[in-house]
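Heads up: the structure comes next, in structure tokens.
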Amino acid sequence: MSLDVELLCMYRTILVPTDGSEAAESAVSQAYEIAERFGATVHVLFVVDVDVNTPLSLSTEPVVESVRESGEELTSEIADGAPEGVETVTVVEEGDPHERILEYAGAHDVDLITMGTHGRRGLDRYLIGSVTERVVRSADCSVLVTRATEAAPAIQSADAAIDTARDALAEGGHDDVTIVEDPYEQAGYWIVRAEGDDRTFNVHVDRPSGDARIATIDQR
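Numbered continuously in UniProt numbering, the sequence shown closes out at residue 220.
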């Protein structure tokens, strides 16, 4: 049996977890390249990170739903970018990322997981790096790791995220707002919670691009 035929038999279902970072994007590109060549289906998975380490204020239903919506938008965009003829499945789940990735792979007979990690080390590594390491150690199927050495993200600090969130809220007509807690990083975003005009907002600030999306999670 030729190598190409062996690969065709091996890789029918590919799982690519994503958090929206450039490292994850490189894994998506690799997944599509393999799928296009061998006719595999690509499952795009986003995990809403709600494990025991998530702050209680960020584990509430409105916040989780807001992050879920971001994940649905992200996975849809990735699926829309698939090469012609490549079948995709988009999934958003909640829980500990590496556990959900492994569970999903087992439940759907995944043959290959493609994941990204970063060229840099230390505090600037995104979550996807540590998740990748856990999956590599525990997965029953093959794991292909792509490494991305990326430029510094546009929004590197909590203060910068707050400034971006304030600007976005002001553009939306909400000039007098109060930041009610420190921003929290999740899935490649800063999440900034603010109150004003008898409402509570979650502003999702994309770390690499600086784009902001406002979600109203409470109206008093």
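For each residue, glycine too, the CB sits at the ideal point set by N, CA and C.
Assigned exposure category for residue i - 16 Cβ within 10 Å defines buried
i: T132; result: buried
i: E25; result: buried
i: P97; result: buried
i: S130; result: exposed
i: P62; result: exposed
i: R147; result: exposed
i: P83; result: exposed
Simplified DSSP assignment, three categories, for residue i
i: S21; result: coil
i: E77; result: helix
i: E94; result: strand
i: G71; result: helix
i: V89; result: strand
i: D49; result: strand
i: D211; result: coil
i: V180; result: coil
i: A27; result: helix
i: Y11; result: coil
i: D40; result: Residue 40 is actually Ala in this sequence, not Asp. Three-state DSSP puts A40 in coil, outside helix and strand.
i: S157; result: coil
i: G106; result: helix
i: E33; result: helix
i: E195; result: strand
i: R84; result: In the sequence as displayed, the identity of residue 84 is Glu instead of Arg. Reduced to three states, the DSSP call for E84 is coil.
i: D163; result: helix
Residue i vs residue j beta-carbon contact at 8 Å
i: D80; j: Q186; result: no
i: T178; j: L144; result: no
i: R199; j: V180; result: no
i: A23; j: G116; result: yes
i: G172; j: D140; result: no
i: A212; j: V205; result: yes
i: A35; j: V42; result: yes
i: S70; j: Y189; result: yes
i: G210; j: A154; result: yes
i: E93; j: Y104; result: yes
i: F201; j: I191; result: no
Inter-residue Cα distance where the pair is residue i and residue j
i: S76; j: A31; result: 16 Å
i: S157; j: R166; result: 14 Å
i: S142; j: I14; result: 10 Å
i: V91; j: D175; result: 36 Å
i: D163; j: L102; result: 37 Å
i: V203; j: E73; result: 15 Å
i: D19; j: V44; result: 10 Å
i: A160; j: S138; result: 37 Å
i: D197; j: E33; result: 48 Å
i: V110; j: Y11; result: 8 Å
i: R100; j: A170; result: 37 Å
i: E195; j: V89; result: 37 Å
i: D182; j: R68; result: 21 Å
i: R37; j: P17; result: 20 Å
i: L112; j: Y184; result: 31 Å
i: A40; j: I78; result: 16 Å
i: V136; j: V47; result: 17 Å
i: S21; j: H108; result: 25 Å
Heavy atom of the ligand GDP within 7 Å of residue i beta-carbon
i: D140; result: Of ligands this structure carries none, so the ligand GDP is not represented either.
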